[in-house]
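Just so we're on the same page, the working numbering is the position in the sequence shown counted from 1, plus 89.
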Amino acid sequence: MKSSNGIRNQFIQFFKDKGHEVVRSAPIVPINDPTLLFTNAGMNQFKDIFLGKGTREYSRAVNSQKCLRAGGKHNDLEEVGKDDFHHTFFEMLGNWSFGDYYKKEAIKWAWELITEIWQIPKEKLFATVHYDDAEAFELWQTETDISPENILKFGDKDNFWEMGDTGPCGPCSEIHYDRGVEHCSKIMENNHVCEVNGDCGRFVEIWNLVFIQYNRLGDGELINLPQKHVDTGAGFERLVAIIQNKYSNYETDLFMPILRKIEELSGMKYDDNPRAFRVIADHIRALSFSIADGVLPSNIGRGYVIRRILRRAFRYGRLLNFKQPFLYKLFDVVLEVMGKHFRELQEKQDHIKMTIQAEEKRFNITLDTGIEKFNEIVSGLEVGSIISAKDAFKLYDTYGFPLDLTRIMAEERNLNVNEKGFEIEMEQQKERTRESSKFDMGTEKIKNLGIQNKAKTKFVGYSADKIVTQINHFFKDEENNVIIVLEETPFYAESGGQIADTGKIYNDNYEFYIQDVQKENGVYYHFGKLVFGEFQENNEEVVAEVDLEKRKDISRNHTATHLLHAALRKVLGKHLHQKGSYVSADRVRFDFTHFQPVTKEELDEVEEIVCQKILKNIKINSYYDDLENARKKGAMALFGEKYDKEVRVIEIGKFSLELCGGLHCNSTGDIGFVKIISESSIASGVRRIEAVSGKGAYKQIKSTEEVLENILIALNSSSEDAVKKIQNIESENKKMQKELAKFELQNINKTLDRLIKNAKKIDGFKVVAGRISANDSGQMRDSADQIKRKIRSGIGILFSVINGKVSIICTVTDDLKNKYPAGKIVREVAKIVDGKGGGKPDMAMGGGKHVDKIDEAIKMVSKIILNIETS
């Protein structure tokens, strides 16, 4: 048996003998290419050549490139372990021509290497070309001895390669290998036919020859490149499996030593849980090479992908009785198998093992808690139920469970996950993050518009919302966007988490609507639009007027933030500190340190305390004090914030004392009411609360009321009886579903009994043929099994209409299956209803389009069986 190392060396030596430069694999982390998360194809390091931005000393190259497809656009992570050939880390064998040889040599040499050097049977190979590539189609006929019927044409989806929406591109020619019908994963499905570029697993692509001859312009037009290139890629793991005549990639010498080591460490056998073994074997390779190339587990970017891979593998280890770190122990086998070719594994071996072990230890601490939380979430859920988006996100956010890990654990219990909802939760978190840094670019905004002004603005907004002042500086662009600097201003500039005031600046000649206010070095910059008129000159007197209603809403929410902070510390503990906030007119967001989710009971208590303080209508005092003196009094300061020597203090009775420059109510009663609307995690050890107050709280309650009223109308119920009525409806629904399923089963059983009673006899055995009212393929299979048990010797063919199409199943007892294979019978019967079918000798399925021809097909069953016998 050829070793994997030998096969790799043969490939490289073959093209070296053809004048190719042997090039070392590029790192898994792309160099100077921010568009890629990881190197995912052999061509990545030559991308500059194809784009016309770089050159090399050579015009031909060959290598084996390390690739990782576990994040971003190309992501095979979730497929690993389910089939025989998907991997996160893999090698891509490739040979390249940069303006040198072209299609003829690429096709000829690929065929020579595959059939003569590696001696893969020619009859099992298929070549595909693009519909419009007559040149490649002819070259396969003239330069190789492939069977002509094994040259197939496909469209852009399968046989046209593009680097992106624009840029270098061209047709490609793929080489596929027929693994045999035993590799078909969909043989029992209606209308399934195994075919090249299908999805059943029988035919696999092993090599892609890309002919880069065009440049796609922005309007979609293709123009010829001045130089034509060849870019090929052959999946190494698949090739090794084929050459070593193995059923799957995992049975090759690339993986078997790792699998054997897992058996040794776990005390279990590969056959006990193949998927778990495969995932671990795949993932340890991905981890080893990624860490060797400088990626470390983290919560962002590439590091997060690697952390996700490690945690996924570690969780699968639990299924093999691993309770302590074990992945790092597998690295030595990876080194033994691949270290001779990839020297970086030898050079970084200590670093790789220590990194993996440390990350395993870290995750092992949280995994038990996370699993316990998962079990809490799914306890009581029935088979087929859906884990909510909120719970899935909580597992991710709080316990470090990637979505695919939650999905895996859910599948083990026959549960589903609301993945779309999870993505919404994720996007909302990103939006909250974006919102929190909404005004971070204020200084840059000012610089971009060209304002240079050192005169500080006097802020008078604590005591006034409308003043007469003058313009010190003015800027306007062509779209009427303006920036105004006033001598003094009542407008609060965004700071301390509070958004800026809005309002207007005007006189008899013009009016500006102010949308935002930023400050830099004591200068307030008012951003807005010219509503009418035309600006005259600087130093002109104007009225600056704040939108008072909006300011009041902001003030209510800001004071509510201080109350929430104090109440949270009272309920959850003095360890809690503010990590950030966002105060707008609509709502408030408050981030704080805490080690676990806040329970509903705790949130209710916090909300009650806040509302009690509002009802007491406590006077709010604001004053300036020496920083050290304020701190001695116990004033809360935002961690990491820079304060002047003199600070502004906001005091709410004896309940809250904070350093704050924001706007506040006169007394707590002005807030009206506070309602907490959400609690979530935003980082390890950091929680977030969102709340509304005043008008926002009123709108929230009214919105909830409307929903409840609509529910009561739909239920035709009072609020007191609503819950009971919903429970009764659920109970009745479940009862009806059971009754319906029972009725359907009884109906099918009666039909089967009638069909068996009226069965025809052919050569001493029964032939049962007819129509049943099955709803899915599962009922079809159950019915076929019933016939097989009851007739003992014979053939059963059943028809049903499912989703508007004909569904057919054939079952043959063991004594007849060799003489009358079910697959052949179904294939012929399906033709009558304009369909296809196939399967095993004892059970096969098929389907067709013409429902009106079912009766005709039933009548033809006996004749078809007799023809099968004589054929």
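We treat Cβ as the ideally placed atom computed from N, Cα and C, and that holds for glycine. Bear in mind the structure is a predicted one, so any value in this text is a computation, not a measurement.
Contacting residues, own chain, Cβ-Cβ under 7 Å from residue i (five flanking each side not counted)
i    : result
R676 : N646, E779, A780, V781, G785
G758 : I703, N706
I898 : M869, R870, A873, L887, M934
A582 : A589, V606, Q607, K608, Y613
L470 : L504
Same chain, Cβ closer than 6 Å to residue i, neighbours up to 5 away in sequence not counted
i    : result
K275 : H281, C289
Q587 : H647, V672, G751
K317 : Y191, Q302
S711 : I739
I380 : I441, T444
K708 : S756
Check whether residue i and residue j have beta carbons under 8 Å apart
i    : j    : result
N48  : E224 : Past the edges of the chain, shown from 90 to 960, lies residue 48, and the structure says nothing about it.
K450 : L354 : no
N505 : V472 : no
E696 : I765 : yes
M725 : E747 : yes
V574 : T591 : no
D267 : F292 : yes
E626 : K593 : no
T900 : G885 : yes
V918 : I943 : no
V118 : V423 : no
D342 : S92  : yes
I565 : F624 : The amino acid at residue 565 is misidentified as Ile; the sequence shows Lys. Yes, the Cβ-Cβ distance between K565 and F624 is below 8 Å.
T650 : K668 : no
N152 : V111 : yes
V687 : R776 : yes
CB-CB length for residue i against residue j, believed under 8 Å
i    : j    : result
F344 : E180 : At roughly 13 Å, the Cβ-Cβ gap does not stay under 8 Å, so F344 and E180 are not in contact.
N569 : L619 : 4 Å
E926 : V915 : The amino acid at residue 926 is misidentified as Glu; the sequence shows Gly. Indeed they touch by this definition, with Cβ atoms about 4 Å apart.
I771 : H753 : Their Cβ separation, rounded to whole angstroms, is 25 Å, which puts I771 and H753 out of contact at 8 Å.
I441 : F411 : Actually they are not in contact, since the Cβ atoms of I441 and F411 sit about 19 Å apart, beyond 8 Å.
A330 : W296 : About 14 Å; that fails the 8 Å criterion.
F482 : F511 : 6 Å
L408 : A365 : 5 Å
Opposing strand residues paired with residue i [DSSP bridges]
i    : result
K708 : S756
W296 : I264, A323
R777 : D680, S769
E238 : Its beta-bridge partners do not exist; DSSP assigns none.
E740 : N710, L746
V557 : V632
W250 : G259
T217 : L241, E263
Q157 : According to the sequence provided, residue 157 is Leu. The question's Gln does not apply to it. Beta-bridge pairing links L157 to F178.
G592 : I603, V635
S782 : V763
M725 : E747
R149 : S186
K618 : N570, Y602
I312 : N304
F564 : I572
E735 : D715
G937 : V895, G924
Q587 : S584, V672
F548 : T578
Interface flag, residue i vs chain C, CB-CB below 8 Å
i    : result
Y336 : Note that chain C does not occur in the displayed structure, where there is just one protein chain.
Cut-off 8 Å between Cβ atoms - residues of its own chain near residue i, not counting five sequence neighbours on either side
i    : result
S169 : Note that residue 169 is Val in the sequence shown here, rather than Ser. Hits under 8 Å: H175, H176, T177, R367, V368, D371, H372.
R401 : L166, V368, H372, P491, D493, L494, I497
D865 : I891
Any non-hydrogen atom of the ligand MN within 7 Å of residue i CB
i    : result
V677 : By its list of ligands, the structure shown contains no ligand whatsoever, and the ligand MN lies outside what it can speak to.
message: Suppose only complete runs of 3+ residues qualify. What are the beta strand (DSSP E) ranges in the segment 654-700, listed by chain order?
response: Along the segment 654-700, the beta strand (DSSP E) occurs as fully enclosed runs of 3 or more residues at 667-672, 677-682, listed in sequence order.
query: Mind pulling the alpha helix (DSSP H) runs of 4 or more residues that sit fully within the segment 334-364?
result: Complete alpha helix (DSSP H) runs here, min 4: 345-355.
task: Just list the beta strand (DSSP E) runs in the segment 173-200, keeping only unbroken ones of 3 residues or longer that don't cross its boundaries, in chain order.
output: Runs of the beta strand (DSSP E) spanning 3 or more residues and lying entirely within the segment 173-200 occur at 178-187, in chain order.
query: What alpha helix (DSSP H) runs, 4 residues minimum, are completely inside the segment 822-904?
result: Counting whole runs of 4 or more residues, the segment 822-904 contains the alpha helix (DSSP H) stretches 866-880.
task: Quick one: which unbroken beta strand (DSSP E) runs of 3-plus residues sit fully inside the segment 910-934? Chain order, please.
output: Annotation note: the segment 910-934 contains the following uninterrupted beta strand (DSSP E) runs of length 3 or greater, listed N- to C-terminal: 924-928.
task: Any chance you could list the alpha helix (DSSP H) runs of at least 4 consecutive residues sitting entirely within the segment 373-410, in chain order?
output: DSSP runs (the alpha helix (DSSP H)) wholly in the segment 373-410: 390-407.
message: So within the segment 460-532, which uninterrupted alpha helix (DSSP H) runs reach at least 4 residues, ignoring any that extend past its ends?
response: As for any alpha helix (DSSP H) of minimum length 4 sitting wholly inside the segment 460-532, the runs are 478-488, 492-501, 508-525, ordered along the chain.
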